[in-house]
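Here's the structure, in structure tokens; my notes come after.
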Amino acid sequence: MPYYAPARAPPSAPVLSNASLRFPLRVLATLLLALAAAGVCLALHTPLPWMIGPLLAVSIASIAGAPTASHTPLRNAGQWAIGTALGLYFTPQVVALVASVWWAIALAIAWALAMGGAFSYGLYRLHAARMSHVPARSMRATAYFSGAIGGASEMTLLAERAGARTDLVASAHSLRVVMVTVLIPFAMQWSGMHGLEVNLSGAREVRPGGLFLLMLASGVGALLMRATGRSNPWFMGALLVAMGFSVAGVQLSAVPTWLSNTAQLVIAVSLGARFSREFLQTAPRWLGTVALGTLGLIALCGAFAWGLAMVTGLHPATMILGTSPGGIAEMSITAKVLQLGVPVVTAFQVCRLVAVLIIVGPLYGWLFGRK
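Numbering-wise (the numbering used here), the sequence shown opens with residue 389 and increments by one.
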């Protein structure tokens, strides 16, 4: 009897559904919008055109209901490039300068913790009674982690563990970072405080082979930081590796301007895409209080920075960026573009973030864990 193989269905060609194509198209459209906004800002000579233009355009489009989207790997690549570029500023001479003001960094950390505590207390006092539907313990955690001057993702994660309203915490930090990123660079440019940095030695020539090795090494550092569960691994890992090369006097290559600009654009897109049409509809009084509080933080931190500059001898603009209640990448990019003491600003911001991440969580448990 002849043997007949079982019938098999012919291999079908892969079919791309509309759903699988929709997200890449949204990401592409958002990037094109950001690129157009950057072009407008370049024509208008605004500060940080590759960040502020895309940030404002994508934020407004998101709130208006447009289907904006950000791709996480692109944001990670942007942080990787920016971290590498900033690490090249840390030559041995600069490291010695930063080490000489360690006490000022410690004061700035204490100031940030105090301001975050005051902000948290104000949020709780103003909104605990109004939000009676939120349990008291959850409301306390929400106010506490919303006021802390730390990274948005890290503070939201800590808030979730404490039982807080994570939507309110995330919205508070997103609004604060956007306000600081937009207001401070404009204030710097209008006041004439830019281009004041002393010309420091470092890698200035782009060498293709050296750039490949530099990005490869910093990428490995980022992956190691990610594997060990560290905070902000793509920025911090690349920063530390690039710092290691600079401190050792190894100048592989500079980071090309186009790569730095592209990194700014994708980071701005990731910030702007966090907003949505529901953003302004969710607890509008909460967001209004956060906005007013952020303006107060900017003013108080500016006054503190001015006093710190008088004591340390560093330029007030550098101290303002170093102590401002913004994010590491955003404030460091501002310092880089406006030439305002990149290593000092980065050192202040990094040390503050690390201290806040180490202290804020256990401090909450010590203050409120038993209540």
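Cβ coordinates follow ideal geometry from the N, Cα and C atoms, glycine included.
Bear in mind the structure is a predicted one, so any value in this text is a computation, not a measurement.
Query, Result
"Cβ contact check for the region 491–501 and the region 518–525: 3 or more pairs under 8 Å", "no"
"Pair within 8 Å by beta-carbon distance, valine 678 and alanine 492", "no"
"Check whether histidine 459 and valine 428 have beta carbons under 8 Å apart", "no"
"Arginine 396 classed as buried or exposed, judged by whether at least 16 other C-beta atoms fall within 10 angstroms", "Residue confidence is low: arginine 396 scores 43 on pLDDT, short of 50, so the model does not pin down where it sits. No coordinate-derived value is stated."
"Burial state of phenylalanine 692 (16 or more Cβ within 10 Å)", "buried"
"Alpha-carbon spacing of alanine 417 relative to tryptophan 438, whole angstroms", "17 Å"
"Valine 654 and leucine 462 closer than 8 Å at C-beta", "yes"
"Cβ neighbour criterion (16 or more within 10 Å) applied to leucine 604", "exposed"
"Residue closest to glycine 710, alpha-carbon to alpha-carbon, out of Ile572, Leu751, Ile746", "Ile572"
"C-beta contact flag for proline 435 and glutamine 577 at 8 Å", "yes"
"DSSP three-state assignment for glutamate 542, whether helix, strand or coil", "helix"
"Residues of its chain near phenylalanine 478, where Cβ-Cβ distance is below 7 Å and the 5 sequence neighbours each way are ignored", "Met631, Ser634, Val635, Pro731"
"Burial state of tyrosine 610 (16 or more Cβ within 10 Å)", "Note that residue 610 corresponds to alanine in the displayed sequence, not to tyrosine. Alanine 610 comes out buried."
"Between the CA atoms of leucine 423 and glycine 660 - distance to the nearest angstrom", "13 Å"
"Residues near asparagine 464 by beta carbon distance below 6 Å, same chain, minus five either side", "Trp622"
"Beta-carbon separation (whole angstroms), alanine 355 vs glutamate 593, contact threshold 8 Å", "As shown, the chain starts at 389 and ends at 759. That puts residue 355 outside it, with no answer to give."
"8 Å contact criterion, which glycine 539 and serine 619 should meet: CB distance rounded", "7 Å"
"Nonlocal neighbours in the same chain, by C-beta distance under 8 Å from methionine 503, ignoring five residues either side", "Ile537, Leu685, Leu688, Cys689, Pro713"
"Residues of its chain near methionine 719, where Cβ-Cβ distance is below 7 Å and the 5 sequence neighbours each way are ignored", "Leu709, Ser712, Val733, Gln737"
"Classification of methionine 698 by the beta-carbon crowding that lies within 10 angstroms, buried from 16 upward", "exposed"
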